[in-house]
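Engineer: The structure's right below; bear with me while I get my questions together.
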Amino acid sequence: MFARTLLTALASFTLLLPAAAAQSPSVERAAIVATYPHDPDAFTQGLFIHGGLLYESTGQIGRSSLRRVELDTGDVQQQADIEPPYFGEGSVRFGDRIFMLSWVSETGFIFDADTFERIGTFSYPGEGWGLTHDGSRLVLSDGSARLRYLDPDTLEQTGTLDVTLNGRPVRRLNELEWVDGEIWANVWQSTMIVRIDPGTGSVTGLIDLEDIVPDNLEGSRDAVANGIAWDAATGRIYVTGKLWPVLHEIRISTEVR
Ligand SMILES: [Ca+2]
């Protein structure tokens, strides 16, 4: 639906402004390299890799949690539950701490990355959706087209990044991942990942996950693609979705547009 809107915007831009077409971002497809089990009850809101292990944060009130997961088996090795009324959202590890957002409670949680002990909270205005970091700052999405930068020590906002595709704002930016110098973001209610240049906020490429959405979940309003994890040590990229029974390692394949 929204994917179509994005594509339509892209296509019409290309038709109307052929001179700029060469600079329009390409749309690529994701091909599956490997498939692993994923808890089909996990309403995935955050995903990242550290030390070869997968970390995931999940949403829904009363079912929200932070988990450390064995990639091959999908087994949850460690879990910290988030109590009502919080609705868990994105998460990221920075140093020896894990930060996790909640949706509308304007509250974030800080965990000891090893013990999963909750060692603090922080507050931020508005909604919390996705979280990643660029090596020195946390990057937060809130469902708008504007990403926020937070200082990982003070949790104060230190800047913003407006994300655009062909000059137009890209709203509904959701789960985030720093991938080799780019910020990747799921776009809520679409199968698209946008690749964002952190220097300009421009979308420089799109990856369509349509081919790898589990068959029985296609068209689901809840079970959307959400979750990108880049293993900097291996260069591997993993994606999953809310309530998906699988997690895929992917590679970016042929350009389709
Ligand atoms: Ca991520």
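To convert a position in the sequence shown, counted from 1, into the numbering used here, add 737. For glycine and all other residues, C-beta sits at the position ideal for the given N, C-alpha and C.
Output the residue ranges of the beta strand (DSSP E) runs that lie fully inside the region 884 to 930 and measure 3 residues or longer, sorted by chain position.
Structural biologist: Here the runs fully enclosed are 894 to 899, 910 to 916, 919 to 924.
Engineer: For ligand 1, I want to know if T869 counts as a neighbour, meaning its beta carbon is within less than 7 Å of at least one of the ligand's heavy atoms.
Structural biologist: Yes, Cβ of T869 sits closer than 7 Å to a heavy atom of ligand 1.
Engineer: Which residue's Cα is closest to the Cα of G811: Y823, H775, F824?
Structural biologist: Residue H775 is the option with its Cα nearest to G811.
Engineer: Please confirm if the region 851 to 870 is in contact with the region 831 to 842, defined as three or more CB-CB distances below 8 Å between the two stretches.
Structural biologist: Taking 8 Å as the limit for Cβ pairs, the verdict is that the region 831 to 842 does touch the region 851 to 870.
Engineer: I need the straight-line Cα distance from R800 to Y886, nearest angstrom please.
Structural biologist: So the alpha carbons of these two residues sit roughly 28 Å apart.
Engineer: Mind the definition here: the region 912 to 930 touches the region 888 to 897 only if three or more C-beta pairs lie below 8 Å; say whether that holds.
Structural biologist: Cβ pair count under 8 Å is below three, so no.
Engineer: If distances are taken between C-alpha atoms only, which option among R766, S761, A969 comes closest to I949?
Structural biologist: Taking only the C-alpha atoms, the option nearest I949 is R766.
Engineer: Can you list, in chain order, the residues of its chain whose CB lies under 7 Å from that of P951, leaving out five sequence neighbours each side?
Structural biologist: The residues are W981, P982, V983.
Engineer: Say yes only if the C-beta of L803 is nearer than 7 Å to one or more non-hydrogen atoms of ligand 3, and no if none qualify.
Structural biologist: As presented, the structure is devoid of ligand 3, carrying ligand 1 as its sole ligands.
Engineer: Going straight from the alpha carbon of L902 to that of I920, what length do you get?
Structural biologist: Roughly 14 Å between the two C-alpha positions.
Engineer: Can you name the start and end residues of the beta strand (DSSP E) that Y823 belongs to?
Structural biologist: Run containing Y823: none; DSSP gives neither H nor E here.
Engineer: Rounded to the nearest angstrom, what separates E793 and S761 at their Cα positions?
Structural biologist: Rounded to the nearest angstrom, the two C-alpha atoms are 33 Å apart.
Engineer: Can you tell me the Cα-Cα spacing of R834 and R958, whole angstroms?
Structural biologist: Taking the straight line joining both Cα atoms gives about 33 Å.
Engineer: Got a sec: does ligand 1 put a non-hydrogen atom nearer than 7 Å to the Cβ of G783?
Structural biologist: For ligand 1, at least one heavy atom lies less than 7 Å from the Cβ of G783.
Engineer: Starting from the C-beta of L754, find all residues in its chain whose C-beta is less than 8 Å away, skip the five residues before and the five after it, and write them out in chain order.
Structural biologist: With a pLDDT of only 43 at L754, under the threshold of 50, the placement of this residue in the model should not be trusted; the figure read from the coordinates follows. So no residue of the chain qualifies.
Engineer: Closest to Y823 by C-alpha separation, out of L868, G867, E843, A779, would be which residue?
Structural biologist: For Y823, the nearest C-alpha among the options comes from E843.
Engineer: Please go through the same chain and pick out, in chain order, the residues whose beta-carbon is closer than 8 Å to the beta-carbon of D851, but skip the five residues on each side of it.
Structural biologist: These residues qualify, in order along the chain: D833.
Engineer: So, with DSSP's three-state summary, where would you put I798?
Structural biologist: Three-state result, I798: coil.
Engineer: Whole angstroms is fine: what's the gap from I769's alpha carbon to V976's?
Structural biologist: Between I769 and V976, the C-alpha separation is close to 10 Å.
Engineer: Quick check on A758: does DSSP put it in helix, strand or coil?
Structural biologist: Note on A758: pLDDT 46, under 50, position unreliable in the model; the coordinate value appears next. Of the three classes helix, strand and coil, the one that applies to A758 here is helix, per DSSP.
Engineer: Once DSSP output is grouped into helix, strand and coil, what is the label at E843?
Structural biologist: It is coil, neither helix nor strand.
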